[in-house]
Amino acid sequence: MGPSPVLEKLADQTGVEPLRRLSFRTATVDVGYAGGLWRAERLKLLAEEAILSADLKFSRGRLAGSLSARFPEESIRDSSEFKWLLRFVGGMKWVDLDFDVAGDPRSPRVEWKAGEFKKKVETRLAPWMRGILARELEKRFFAARKVE
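Taken in order, the sequence shown gives residues 668 to 815; the numbers are from my numbering.
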């Protein structure tokens, strides 16, 4: 999978280098069709450097659904802000990222659910550390997006 402009942008945003190109060794999916709607449910793609899962719907040349990706922590660029976040929370062997996917299947819009990741990270922190994390996330991740 890849290269694609969408994956390149996500790799730049998160520092997850395997997003630039993934080669899968195993794929499984349940596919169904009813009433003009194709469904690809419980899609799972396994690669050495990633695990992707998705539930997708296809209708009239459009795609909509959700995608989850797991990457080993060591695949994240050391210079990325994302790597800083993982160090802050004490590291995670695997990093889970969730996305909404929609649009033309050849070039879909992919939106990172940063809030979902924040919730996962917060469960690893003591309550007093959550305020520090919220301020740092706002400063490092979300302030930069407001300028774009």
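From the three backbone atoms N, C-alpha and C, an ideal C-beta is built for every residue, glycine too.
Any chain B beta carbon closer than 9 Å to R773: Note that chain B does not occur in the displayed structure, where there is just one protein chain.
Boundaries (first-last residue) of the alpha helix (DSSP H) holding E803: P794 to L804
Residue range of the unbroken beta strand (DSSP E) whose run includes T693: T693 to A701
Inter-residue Cα distance where the pair is L689 and G682: Put simply, the backbone Cα of L689 is about 15 Å away from that of G682.
Residues bridged to G732 (per DSSP): L723 and V768
Assumed close pair R737, D763 - CB separation to whole angstroms, cut-off 8 Å: 5 Å
Rounded C-alpha distance that separates P775 from S735: 15 Å
Same chain only: Cβ atoms within 6 Å of K780, ignoring 5 sequence neighbours per side: D765
Among L704, Y700 and I718, nearest to P685 - alpha-carbon criterion: I718
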